[in-house]
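First up is the structure itself, then whatever we jot down about it.
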Amino acid sequence: MFAQIHSRISSLRHLLGAKTIQTFPSGYSLTPSPGAIDAKVFEEEVSRAIELRAAGRHGEATAVLRTGLGRWRGQAAFQHLEGEAFDREASRLEELRIFALEHRIEGDLETRDAAELVPELVDLVAAHPTHERLHHHLMLALDRSGRRSDALNVYLGLQRRLADELGTDPAADIQHLYQKLLSMDRVVTAPADQQPGRARPPAATAARPDRGGPAGPVTNQLPPDIPDFIGRGWESRRIVDALTTGSTTRMDTAARTVIINGMTGVGKSALAVHTAHLTRDSFPDGQLYVDASAFPRTEEGLRDVLGRLLHGVGVPEEEQPGSWPLRQDLYRSLVASRSVMVLIDNVTEPDDMRAVIPTGGSSAVCITTQVSSLAVDGAVRVPLDVLGAEDAGALLSSGLSPERLESQGRQLEEVLAVCGGLPVALRAVGNVLAARPHWSLERVASSLTSAQDPASLLSLLGRSLAEAFDEACGRLTEESRCALSALAAFDVERLTPATAAVLIGCSGASAATHLDELADRNLLRPVRAGLPRRWVYVMHALLRTHLHATLPDSQYLTVLGRALREAPHLVRRRPPRYGAVPDELLAVAGGGPSATG
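Per the UniProt record's numbering, residue 1 is the first one in the sequence shown, and the count goes up by one each step.
Written out as structure tokens, the structure is:
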């Protein structure tokens, strides 16, 4: 076997170059030269194109995107490999490819004969039948090719598919385009410096006309940025582009909107604040901030939210109307002709944001939410997953000296495994290490991995993690909270409706509904697994640990009894609470000897 490995390594060195593969006592390391990985080069080219677009150099940006897209020879390279990490990376690369295609086509619509783009767009729309921006581009290309009736039919087909498959309507900008085509208006592209959705350069906004309303210093209500923000490079670029440059073909009548969604503790607010600071120069009339979770969902709470925003645009409290509808009217009137950025944090219900979204196309809105189904017409969605191993390691070690990290690679990996890529947990462990310079990584790793019970593990990670989980679960209905707690009674890595039905104590159909609702709240994550490929649901290990630690004894014993009767194999995976279930009891139930102690 070892001879075969050495032979294969020798062949690879001959193919890739001797220095590319290095030998270490523990194995081999692949160190490709700069530019050798085409996926990395492609990402850099997309980033360069975004910078060029932001600088108004649209022709160069389109050329860079065309070069980058030319590197593709089919789908992402992981399509025949099993594993969640491969699936996630393949999906990310495919999303990046579609993003680049969208913007390359936008550039081509400005400079090429639209008829030349129609065949390519027809193929793209067929491959992505609910992708609204691609349909938008196809409608424009058809109309500019003298095929207006075909363009209208493209919209009607999209409208039917969205209604049948998703129960929703097309976004506002494509509806607007459809109405323009119906009214026989010629749809043209504005000059580059006047195109809707583009960030105006500083020279264009330095001498702004009087817009009415109170005048004063430019407001910045944003929380402070994180000085050592780490990771999220692709997501940051996507958000900045959506908030500032936008689409060259969108109608300049509505605020550009981004929705960041993900599980609690994954860093939604940190990313939103970071990117909002990056885009400050694009919004010369100010940056406004609302934490939706800090205000009650009542008329009084809405009145206070609007009061804060009115104060941010220069209206003293004594000059503000008394009722929330009048405050809303005044707020919308004042920001309609301004260029402001509004960050609405921790949104859980549509009513949390509707009243504060500005009117007019010169502003932008960034929304963070734990709810995947939260929708705003025309919004760009940016889902957040846990950090990858490289970024997680960088975040954990960012405040530590090289001396503390030296020769402790295995212990670092153990700590990272416990944290599971969750930024709030990584920050908590990093703070523990920074506050205790006499602690080694080995000591922290030993404490985390040898914690005797879930409560002691969570106490090592700090109150911020438990508080974040409690806040997320507190937004659920009582029925959903009980279901989620039951799912955490055992260490079941992949939940199916059948398994969930046993744990919750309900029918398979009801269990499937619970799983979908909890996934919508990002408390579970749907993944495709197994052969044939099917959807299962995964709970983050730290969330399961927290829920198990807070699970009432009465509910735990109820779930345990049900599992012993219906699925005794689950009992062997449970976190310890009362010690091992006696082997005799498991044998009677049909589960075999207990594996827990």
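Glycine included, C-beta positions come from ideal geometry on N, C-alpha and C.
Keep in mind it's a predicted model, so treat the numbers as computed, not measured.
Would you call the CB atoms of residue 399 and residue 542 closer than 8 Å?
-> no
Burial state of residue 206 (16 or more Cβ within 10 Å) = Confidence at residue 206 is low in this model, with a pLDDT of 32, below 50, so its placement is unreliable and the value that follows should be read with caution. By the neighbour-count rule (16 or more Cβ atoms within 10 Å), residue 206 is not buried but exposed.
Runs of beta strand (DSSP E) lying entirely within the region 270 to 325, each at least 3 residues, in chain order = 286 to 291
Close Cβ partners of residue 15 (< 8 Å) along its chain, the five nearest in sequence each way excluded | No residues qualify anywhere along the chain.
Could you check what DSSP says for residue 203 in three-state terms: helix, strand or coil?
-> Reliability fails at residue 203, whose pLDDT of 28 lies under 50, so the model's placement of it is uncertain and the value that follows must be treated cautiously. Helix at residue 203.
Would you call the CB atoms of residue 362 and residue 341 closer than 8 Å?
-> For residue 362 and residue 341, no; Cβs fall outside 8 Å.
Please determine, among 229, 272, 490, the residue with the shortest C-alpha to C-alpha distance to residue 392.
-> 229
DSSP state of residue 365, grouped into three classes?
-> strand
Name the DSSP beta bridge partners of residue 527, please?
-> 536
Might you give, ordered along the chain, the residues of its own chain that have their beta carbon closer than 7 Å to the beta carbon of residue 444, omitting 5 neighbours on each side?
-> Only 415, 429, 432, 433 meet the Cβ criterion.
Cα-Cα separation between residue 563 and residue 518, rounded to whole angstroms | 21 Å
Skipping 5 residues on each side, what residues in its chain have a beta carbon closer than 7 Å to that of residue 150?
-> These residues qualify, in order along the chain: 142.
In the structure shown, what three-state DSSP assignment does residue 474 receive?
-> helix
Could you tell me whether the Cβ atoms of residue 69 and residue 61 are closer together than 8 Å?
-> no
For the region 341 to 353 and the region 323 to 333, state whether three or more C-beta atom pairs, one from each stretch, are separated by less than 8 Å.
-> The region 341 to 353, when compared against the region 323 to 333, does not touch it at the 8 Å Cβ threshold.
Selected residue, minimal CA-CA separation from residue 602, among 540, 106, 155, 465 = The displayed coordinates of the chain run from 1 to 597. Any statement about residue 602 would go beyond what the structure contains.
Terminal residues of the beta strand (DSSP E) in which residue 605 lies | Here the chain has residues from 1 to 597 only, and residue 605 is not among them.
Any idea what DSSP makes of residue 24, helix, strand or coil?
-> strand
In whole angstroms, what separates the C-alpha of residue 526 from that of residue 536?
-> Straight across, the Cα-Cα distance linking residue 526 with residue 536 is about 6 Å.
Nonlocal neighbours in the same chain, by C-beta distance under 6 Å from residue 274, ignoring five residues either side | Excluding sequence neighbours, residue 274 sits near 225, 229.
Determine the direct distance from the alpha carbon of residue 47 to that of residue 133, and round the result to whole angstroms.
-> 20 Å
Bridge partners - residue 220, DSSP secondary structure assignment = 287
Going by other Cβ atoms of all chains shown within 10 Å of its Cβ, with 16 needed for buried, is residue 166 buried or exposed?
-> The residue in question, residue 166, is exposed, as its Cβ has fewer than 16 Cβ neighbours within 10 Å.
For residue 356, which of 164, 559, 423, 333 has the nearest alpha-carbon?
-> The alpha carbon of residue 356 has as its nearest neighbour, out of 164, 559, 423, 333, the alpha carbon of 333.
Does the beta-carbon of residue 4 have 16 or more other beta-carbons within 10 angstroms, so that it is buried, or is it exposed?
-> exposed
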